[in-house]
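So in our numbering the end of the first sequence lands on 1259, straight run, no missing numbers.
C-beta: ideal position from N, C-alpha, C; glycine also.
This report concerns only the one structure given below.
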Amino acid sequence: MKEYDHKKLEKKWQTFWDKKGVYNAKDKSEKPKYYSLIEFPYPSGDGLHVGHPRPYIGMDIISRKRRLEGFNVLYPIGWDAFGLPTENYAIKTGKDPRVVTKKNSDNFRRQIKSLGISFDWSREINTTDPKYYKWTQWIFLQFLKKGLAYKAKMTINWCPKDKIGLANEEVINGCCERCGTAVEKREKEQWMLAITKYADRLYKDLDDVDYLPQIKLGQRNWIGKSEGVQIKFPISNFQFPIEVFTTRPDTIFGATYLVLAPEHESIANLKLQITNWSEVEKYIEEAKNKTEINRIGEKIKTGVELKGLKAINPATKKEISIWIADYVLATYGTGAIMAVPAHDERDFEFAKKYNLPIKNVIEPLFVDKIEEGLPFVERNAISVIVKHWSENKYLGLKWKKANWGTFITGGVEKGQTPEEAARAEIEEETGYFNLKFIKNLPSTHSKFYHIPKKENRFAHFTNFYFELKNGEQKEIKNEEKDKHELVWLTSDEVEKFITPLGQLRDWKLLQKDMTYSGFGILFNSGKFNGLDSEKVKKEIMKFVGGKEKTTFKLRDWVFSRQRYWGEPIPVIHCADCGMVPVPERDLPVELPKVKNYQPTDSGESPLANVTKWVNVKCPKCKGPGKRETDTMPNWAGSSWYYLRYTDPKNSKEFASAKNLKYWTPVDWYNGGNEHTTLHLLYSRFWHKFLFDQGLVPTSEPYKKRTSHGMILGEGGVKMSKSLGNVINPDEMVKIYGADTLRVYEMFMGPFDQSVAWSTESIIGSRRFLERAWNLQYKIQKNKKYTEFEIEKTIKKVSEDIEGMKFNTAISTLMIFVNEIGKLEFISQYAYETFLKLLSPFAPHVTEELWHILGHKSSINLESWPVYDLSKIKDEEIKIAVQINGKVRAEIMISAQDGEEEIKMKALKNESVTKHIAGGTPKKVIYVKNRLINIVI
RNA sequence: GCCCGAGUGGCGGAACUGGUAUACGCGCACGACUUAAAAUCGUGUCUCGCAAGGGAUGUGGGUUCGAUUCCCACCUCGGGCACCA
324 MKEYDHKKLE KKWQTFWDKK GVYNAKDKSE KPKYYSLIEF PYPSGDGLHV GHPRPYIGMD
384 IISRKRRLEG FNVLYPIGWD AFGLPTENYA IKTGKDPRVV TKKNSDNFRR QIKSLGISFD
444 WSREINTTDP KYYKWTQWIF LQFLKKGLAY KAKMTINWCP KDKIGLANEE VINGCCERCG
504 TAVEKREKEQ WMLAITKYAD RLYKDLDDVD YLPQIKLGQR NWIGKSEGVQ IKFPISNFQF
564 PIEVFTTRPD TIFGATYLVL APEHESIANL KLQITNWSEV EKYIEEAKNK TEINRIGEKI
624 KTGVELKGLK AINPATKKEI SIWIADYVLA TYGTGAIMAV PAHDERDFEF AKKYNLPIKN
684 VIEPLFVDKI EEGLPFVERN AISVIVKHWS ENKYLGLKWK KANWGTFITG GVEKGQTPEE
744 AARAEIEEET GYFNLKFIKN LPSTHSKFYH IPKKENRFAH FTNFYFELKN GEQKEIKNEE
804 KDKHELVWLT SDEVEKFITP LGQLRDWKLL QKDMTYSGFG ILFNSGKFNG LDSEKVKKEI
864 MKFVGGKEKT TFKLRDWVFS RQRYWGEPIP VIHCADCGMV PVPERDLPVE LPKVKNYQPT
924 DSGESPLANV TKWVNVKCPK CKGPGKRETD TMPNWAGSSW YYLRYTDPKN SKEFASAKNL
984 KYWTPVDWYN GGNEHTTLHL LYSRFWHKFL FDQGLVPTSE PYKKRTSHGM ILGEGGVKMS
1044 KSLGNVINPD EMVKIYGADT LRVYEMFMGP FDQSVAWSTE SIIGSRRFLE RAWNLQYKIQ
1104 KNKKYTEFEI EKTIKKVSED IEGMKFNTAI STLMIFVNEI GKLEFISQYA YETFLKLLSP
1164 FAPHVTEELW HILGHKSSIN LESWPVYDLS KIKDEEIKIA VQINGKVRAE IMISAQDGEE
1224 EIKMKALKNE SVTKHIAGGT PKKVIYVKNR LINIVI
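Below is the structure:
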């Protein structure tokens, strides 16, 4: 018996595949194409850890299956090599980033190749290769031409440690994403890309792609589409109104003041009218200097009134005050809001602090259980929370005819005020009468089914809070006693006891201040009183002359970095001609070599010091010009790399139209969750832009997108160098082999979830492969022993791979090996089929076994097994017999048996009769081929 | 605070669309082989109980003949967003 020597055979087949180019995609083929893609790695100096290959193996399995299914597969790889770690390393050591990148990517390549992943290495790309970034620069020039790349002076997020401007996406909790330093604000000229021009399409077109739901959701949240209304508020002694953005025009009758962002442009124009200008100016100045983290970190809202000015609420026509406060963002909506403190938590908080009027205009509507079909009886009602005279307890009514718990409640009779009704009800229902009115709680509406009265109610509740002065009590009528029982509830008990949602809310309101921010029934709202606020939103908008407006959270993309290791922005500044794009024939603008990689303190790129490179002739007038010294962000090269793979060596175009037409869009793109909002959105944006220029054939780059979970260190913490828990795949490959590592990484847990690494458990995957290896000695030619098992296996493995349920696919293969291993002999057909199914997971050992069986060509050139459903049908099926939902017996039925026959069989079963003894079966439920449930 | 996702043996995790909970693997225990050990193979392994039987899928309710799966409330963990009007 030959031993399974992974070292020898893995090396052997890797060389074989390489030489024959079995994984190289053909640009022309009879076969249908399939483009599978993973996110190309950043080649760091630390090398690969076991987490890196997880997505590569996953998509490798998909790609290998596709090849066997007859597709011409493109599964490429390259290096996303521009970026800060290499640059920081260069700053520290003085080493040329080109040299470092070369060394790191060589190491990555060696490591990835040792795993036997079926990448088409002939198409390897590198974003830092001038032949590549020539086209990154070229695409930038197209943006520039169309006015979508522009320079703007703006407040940027500045990381003082990295000395770099950050995009909003790179600021986490007001800190630099990379180093965690608090981000400052700086005014700087920056290159911008107008991604907001594409916001609507980036949002809408998500409907047409097959992304995992949470990925779509992530993108949608990030784009932050919000459909609202812009409304003009006239200013009392000024000719121009102030416009606000709101999604809740229905609350406008409750708008009791306006708030502008400190940066709002109208403020300067209103300077003469503002009587407390110095105070206002001071506030604006302070707001400007606050760092992002301070602004977020401050829980307490601050603001200043613009005295001497009043706005007119266009709904109530009343004068309201105007404030500036930094809780309003200048960059969102119109930079101004109408504040509705009664129905917005932030406004509520602000109003309380500055004693501004709070006006309720919406009464919430609570819908409890109702009886379908019955009409609603309208009622005026009261609900009262009554506190004990000495203890911290509250009165509750436990209803006898219904499973209800309520506070004191009842109807308001004609001629009664709600308070009179409340007092009367308390006395009637509880006998207590020494009451002290404390306060009203906001009124509510409720829809509910009144069980004792058997009718649907639509009630308007006026709500009270009373305290008892003492325990004096009158006799309660029997009639009331029959209805409900009186209980004293502690604070903790109240929440469990009270049934109606509206009363629960009263209770919560009593505990703490709350605003109601949902829709409901309008009041205090003129002619709209009594109407459903959601339904009349539009009418109210028209009433105040507002217009519909869609806003987005997404902002334009800050596209320049003041760093060395990135693509130079191909622009020349000329004193006479202004900003001149570098002519396309002069591309690429190559990065010059420098002595010092340190960014300058002025915030300029180190390139600014390379005078020889900076000073050039203006391409237009041939006069003296200066190169732009900003470089592009790391995201640039990765925004279009998947297009380059289709034609990686083309020196005339970024990719030929022919190849793009053949290969794009990407059929399946798998990547990390962390790129849902950045890379994925950016590349969709670039792709749509290129599509609009007629440069790519589709409007979306990726048909399907899935994501994988991280591999964590043992114990479930993040794998990192500083924690010392990094597992190097080299070591695993050496000890167990690439196939074992591959199988284990896929078997560990669900592909889309994070799992903790366990070196202890990897042995199980090795044992499985060894058992599979040993099966070769059980083959008997031309005999069919095991067809039934293999058919089931084909079905399950095929389906599981498509759903990326690799863990259960492997478990199915394990079950097959365990089952078949018990037999004396196995058929060659079954074994070969099994090898094909296993080959995407463990390509080396299966290739070896394939050849041992006498085949001369690669298993990669075979075809994926197809299962025959007719063979799967069992003749005899075991089903469970339950009695009252508990399994009591198992019976064998045959496929032809009718339902009645099966039921009879079950009822006759010995163990069943024993359990039925004494009772009579009321009902027998049969679930086809699964179980029978007998109800007694 | 808001929005997602998840809670199942000692551990990683299975369970299709509401239908026999704990597949598969690790670990552990025992046995076989061995002078011995490792490796391998076999058996067992949620829990209480001698058994009959009972109880378990974060907690508490609900719907159902039947719930890990659906509904409501809550707790814990992970991730995303974070004054977006």
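For leucine 516, the enclosing beta strand (DSSP E) begins and ends at 507-516. Remark: C-beta atoms of aspartate 369 and serine 441 do not approach each other more closely than 7 angstroms. Excluding sequence positions up to five before and after arginine 446, its CB lies within less than 7 angstroms of the CB of Pro399, Tyr968, Pro971, all in the same chain and listed in chain order. Taking lysine 1101 as the centre and dropping the five residues before and after it, the same chain places the C-beta of Phe1148, Ile1149 closer than 6 angstroms to its C-beta, in chain order. Counted as a single uninterrupted DSSP element, the alpha helix (DSSP H) harbouring tyrosine 1005 occupies residues 1002-1015. Isoleucine 380 and methionine 1055 do not touch by the CB rule: their CB atoms are close to 12 angstroms apart, not below 8 angstroms.
By the criterion of at least three beta-carbon pairs nearer than 8 angstroms, the stretch 983-996 is not in contact with the stretch 929-949. Asparagine 786: member of the beta strand (DSSP E) spanning 778-791, first to last residue.
The residues Ile1117, in chain order, have a CB closer than 8 angstroms to that of valine 1189 in the same chain once the five nearest residues on each side in sequence are set aside. Going by C-alpha positions, glutamate 748 is about 6 angstroms away from glycine 733. Classified as exposed, valine 1258 has fewer than 16 neighbouring CB atoms from the shown chains inside 10 Å of its CB.
With distances taken between CA atoms, glycine 1039 lies nearest to Trp1080 out of Asn1252, Trp1080, Val1066. Going by C-alpha positions, aspartate 1015 is about 47 angstroms away from lysine 334.
Its chain contains Glu550 as the residues whose beta carbon lies nearer than 6 angstroms to that of threonine 873, once the 5 sequence neighbours on both sides are disregarded; these appear in chain order.
When secondary structure is reduced to three states using DSSP, arginine 389 falls in the helix class. With fewer than 16 other Cβ atoms from the protein chains shown falling within 10 Å of its own Cβ, serine 601 counts as exposed. Annotated as proximal: lysine 792 and lysine 759, with beta-carbon spacing under 7 angstroms.
CA-CA distance, phenylalanine 784 to alanine 610, rounds to 44 angstroms. Every alpha helix (DSSP H) of 4 residues or more that sits fully in the stretch 723-778 is shown, in chain order, as 741-753.
Going by C-alpha positions, tyrosine 992 is about 11 angstroms away from phenylalanine 363. Comparing alpha-carbon positions, the option among Asp341, Leu332, Ile385 lying closest to leucine 1161 turns out to be Ile385. Sequence-distant partners of arginine 746 (beyond 5 residues in either direction) whose C-beta falls short of 7 angstroms from its own C-beta, in its chain, are Leu758. Check the Cα spacing between isoleucine 645 and each of Asn411, Gly1242, Pro698, Asn599: the tightest is with Asn599. The DSSP-derived three-state label of alanine 634 is strand.
For the 7 angstroms CB-CB criterion, tyrosine 920 and alanine 413 form a contact.
Threonine 478 places its beta carbon 7 angstroms or farther from that of lysine 520.
Between tyrosine 327 and the set Phe563, Leu1092, Ser437, Trp936, the nearest pair of CA atoms involves Leu1092. Here serine 549 is bridged, per DSSP, to Thr874. When DSSP states are grouped into helix, strand and coil, methionine 1069 belongs to the helix group. If you draw a straight line from the Cα of threonine 654 to the Cα of tyrosine 606, it comes to about 18 angstroms. In the pairwise beta carbon analysis, the stretch 832-849 is classified as not touching the stretch 623-636: fewer than three pairs are separated by under 8 angstroms.
Taking 8 angstroms as the upper bound for CB-CB distance, glycine 503 and arginine 884 are not in contact here, some 19 angstroms apart. Taking a C-beta distance under 7 angstroms as the contact criterion, methionine 864 and valine 552 qualify as a contact pair. DSSP places histidine 329 inside the alpha helix (DSSP H), whose first and last residues are 329-343.
Taking all protein chains in view, the Cβ of valine 603 is crowded by 16 or more other Cβ atoms within 10 Å, so the residue is classified as buried. Glycine 825 carries a helical assignment under DSSP once its states are collapsed to helix, strand and coil.
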